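*Asks:* Residue numbers (the UniProt record's numbering): 1 to 87.
My structure is below; once you've seen it, I'll send some questions.
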Amino acid sequence: MTTVVNMLSGATDETLIAIVLGALVVLGFLAVVGLVVAAVFSILFSQLDGGMKIVWLILVILAPVIGALLWFLIGRSRSRSRPAYYR
């Protein structure tokens, strides 16, 4: 039975570097997708009014990483801190 270690033992350094970099790219992509999906659901279920939700969603769609990070750093906390009479 051939294991991954046995298959990679004969690989060149360039091949191993390419495999590691490829894995890091895939993990980074999955992290970004997860961040954006989490931001979209967080925006949709927030207590913001409809207009502000649309603004935040457009920002997250046009600039996914920056928009999602801004939502979690700025927008999410502001959506919770509104007084009850504004809801």
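We treat Cβ as the ideally placed atom computed from N, Cα and C, and that holds for glycine.
All values reported here derive from a predicted model rather than from experimental measurement.
Could you check whether the region 32-46 touches the region 8-22, counting it as contact only if at least three pairs of C-beta atoms, one from each stretch, sit closer than 8 Å?
*Replies:* Too few Cβ pairs lie closer than 8 Å, so no.
*Asks:* Am I right that Leu59 and Leu70 are in contact with their C-beta atoms under 8 Å? What's the rounded C-beta distance?
*Replies:* The pair is a contact, with the Cβ atoms about 7 Å apart (cut-off 8 Å).
*Asks:* Could you compute how far the alpha carbon of Gly22 sits from the alpha carbon of Phe29?
*Replies:* Taking the straight line from one Cα to the other gives about 11 Å.
*Asks:* Expressed to the nearest angstrom, what Euclidean distance is found between the alpha-carbon atoms of Leu44 and Lys53?
*Replies:* So the two alpha carbons sit approximately 7 Å from each other.
*Asks:* State the Cα-Cα distance for the pair Arg76 and Thr3, rounded to the nearest angstrom.
*Replies:* Arg76 and Thr3: Cα-Cα distance of roughly 47 Å.
*Asks:* Can you name, in chain order, every residue of its own chain whose Cβ lies under 8 Å from the Cβ of Gly50, other than the five neighbours on each side?
*Replies:* Closer than 8 Å at the Cβ level, and outside the excluded window around Gly50, lies no residue.
*Asks:* One question on the structure: do Val65 and Val32 come within less than 7 Å of each other, judged by their Cβ atoms?
*Replies:* Yes. Within cutoff.
*Asks:* Between Ala46 and Ala18, what straight-line distance do the alpha-carbon atoms span, to the nearest angstrom?
*Replies:* The residue you asked about is not Ala; residue 46 is Ser in the sequence shown. Taking the straight line joining both Cα atoms gives about 42 Å.
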